[in-house]
Structures are given as C-alpha cells and as structure tokens.
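Novice:
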C-alpha cells in the first residue's frame, strides 16, 4: 500500500513510484512444444501470475500469451514474432474476465531467456476521492540461470543455436516470487476525473440470425424499463466462438449514479425475451477517466443460450 507521503504527493499532481509496493511475479511458465531444427512454424507459450498490494485492495492477474513463429530463413535461436504490445491479463487461470494488469514481452524471446514488464491500472482512494492510476515496472529479465527458474530442453536440441528449441521452463510451486519495483506512476486520466461517464455493457449470448440484444434499466438513459426504448448492443465481432454483445458507449450517465438494469433479446419474429432473476445493480464510479465497463466483462445473459 502507498504511504501517506505518496498519497499527499499524488494530491499535488506528483506520483512517487518509490512509495508503491513492487509487483510480485509468483509463477512463470514458458513452453515451445514444436521444436524443429529446420525452423518450420512453431508455437510459443508464456504464462505468469502477478500480485499487487497497491490500490484499494490486493489484486491478482493471470497473464498469458501464445503465438506461432516461423523464421525458417534465419538462424536466430529465439522467436522473431513475439507479440510486443501491452496484453491484458485475466483475473485467474479459471476466470477470463479482465484484471487490472497488463504485461509486455520484448524481442528477442526464448523460453529460457526473455524480459517481461508489468503494468497495473488501479484505483486509489485518498480522503474519500478515488483516482485511476497507472503503475508500471521496468522490463525484468529472466533466464535459465535465474534463481528458481528451471528449463527442461529436449536433449537433442541446444537452445544456444537451435532455431526453435523444444522444451519448457518453470518456477517451483512454492516459489516466493520475483519482485519488480514500480518505476513510473501516472494518472490514468489525461484530464480531471469525468463528471459524466460513458458506459459499456458486455454480455455473452448465443443468438440466431436476426435476433438482437439490448440493455434496459430504471434510468432514462437506459429506457426507464421500456423495452421499446432499450439501448441496442453491438455484435460486430460475433462468431461461433465469440458470442459477445457489447457497446452502448453512447450512454453517458452522471458519475455517482446508482441504477438497476437487465439484458433483453428481441427476436426476428418480434418476440421479446427478458433475462430471468433479479434486477442487476450497478453504480457509476467517481474519479474515472470517462469510461466504465459494467458487470464482469462479460456477464452472461441469464436463462439464455450462451
């Protein structure tokens, strides 16, 4: 947790990175399962768990990436095509909803020789006022000579010269963790916290062609419980393996507003399906940067076909 000095400094617009607790990477697992000396397409895996005690409550993230790689024309013993942008971490290995954490990998990447940085978008409440903060570490270098990181490579493949060495590397189950100091802390908002907030309502539901999903609620911005004035959601990326409806970013609600809502489904034949169960409840957060995702990102359409 931050000290009172850091809290005071943030109120003055200055964030002191040294007053934040380091991130703790408590597990790392890397794998290259399709090692091939000829360099054909191969697949890399990176899995890691990160913990943080910064912000209003302790948080955990499960960071995962997998990518194919093909550098058959080269002789580099590492991945040429490692994804290097910031990637969102899930809440856990069994909960794919988004956590506060993101991670970044760097070139070159080998399963036993790589660097990773961690970033957390956290909420810090000071004197009753919540603030969105981005805390970030420097890249942390891990190799098969790093303490508590052990690699098992196919005996016939040497990762020092093998284009794609087949094997895996991992930390032990009782590992205390690698400590990554926070080196940069900044406001997540480019302006002062928003007085009105644009809301997004992601929900998972498998629909038939011509059916559409909406959100309706007890505030005027959500139609005042009238299904004829409900807010339409978008399924722009909808496919068999991705049945997420989302959007409604045009709905702007004053910060601090509490409301109730449900998802509904209008079918192509004109029939209407309401979610079963009690009304969902939510509050528009104070101190946000002007956008907020409602629910568990995503929720499930209750009594639906998700």
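In the UniProt record's numbering, the protein residues as written are 1 to 306.
Built from N, CA and C at the ideal position, the CB exists for glycine as well.
1) Please report the distance separating the alpha-carbon of residue 284 from that of residue 256.
2) Within its chain, find whatever has a CB closer than 6 Å to the CB of residue 286; leave out the 5 residues flanking it on each side and keep chain order.
3) Specify, as a first and last residue, the run of the beta strand (DSSP E) that residue 46 falls within.
4) What residues in its chain sit with their C-beta under 6 Å from that of residue 52, if we drop five residues either side in the sequence?
5) Anyone know if the C-beta pair for residue 203 and residue 263 falls short of 8 Å?
6) From what residue to what residue does the beta strand (DSSP E) around residue 89 run?
7) Please name the residue or residues paired with residue 197 in a DSSP beta bridge.
8) Is there contact here, the segment 133-150 with the segment 178-187, by at least three beta-carbon pairs under 8 Å?
9) Can you tell which of 187, 170, 268 has the C-alpha that lies nearest to the C-alpha of residue 55?
10) Quick check on DSSP: helix, strand or coil for residue 220?
11) Should the segment 286-304 be called in touch with the segment 126-144, which here means at least 3 C-beta pairs below 8 Å?
12) Anyone know if the C-beta pair for residue 101 and residue 78 falls short of 8 Å?
13) Quick one, which of 141, 302, 128, 271 has its alpha-carbon nearest residue 277's?
14) Put residue 62 into one of helix, strand or coil per three-state DSSP.
15) Secondary structure at residue 202, three-state DSSP: helix, strand or coil?
16) Report all residues from its chain with a CB closer than 8 Å to the CB of residue 210; omit the five preceding and five following residues, and keep chain order.
17) Are the CB atoms of residue 222 and residue 215 nearer to each other than 8 Å?
18) Helix, strand or coil: how does DSSP classify residue 130 here?
19) Taking DSSP's pairing of strands, which residues face residue 167 in a bridge?
20) Could you give the C-beta distance for residue 47 and residue 82, rounded to a whole number, given that I count them as a contact under 8 Å?
21) Assuming residue 45 and residue 26 make a contact with CB atoms under 8 Å, what is their CB distance in whole Å?
Specialist: On the basis of the supplied data:
1) Computed Cα separation, rounded: 5 Å.
2) 130, 255, 256
3) 42-52
4) 23, 59, 120
5) yes
6) 87-92
7) Note: residue 197 sits in a beta bridge opposite 253.
8) yes
9) 187
10) helix
11) yes
12) no
13) 302
14) strand
15) In the structure shown, residue 202 sits in coil (DSSP, three-state: anything other than H, G, I, E or B).
16) 267, 268
17) Inclusion of residue 222 and residue 215 in the CB contact set at 8 Å is warranted, their separation being smaller than that value.
18) strand
19) 32, 153
20) Not a contact, Cβ separation roughly 14 Å.
21) Contact doesn't hold; Cβ gap of about 18 Å is too wide.
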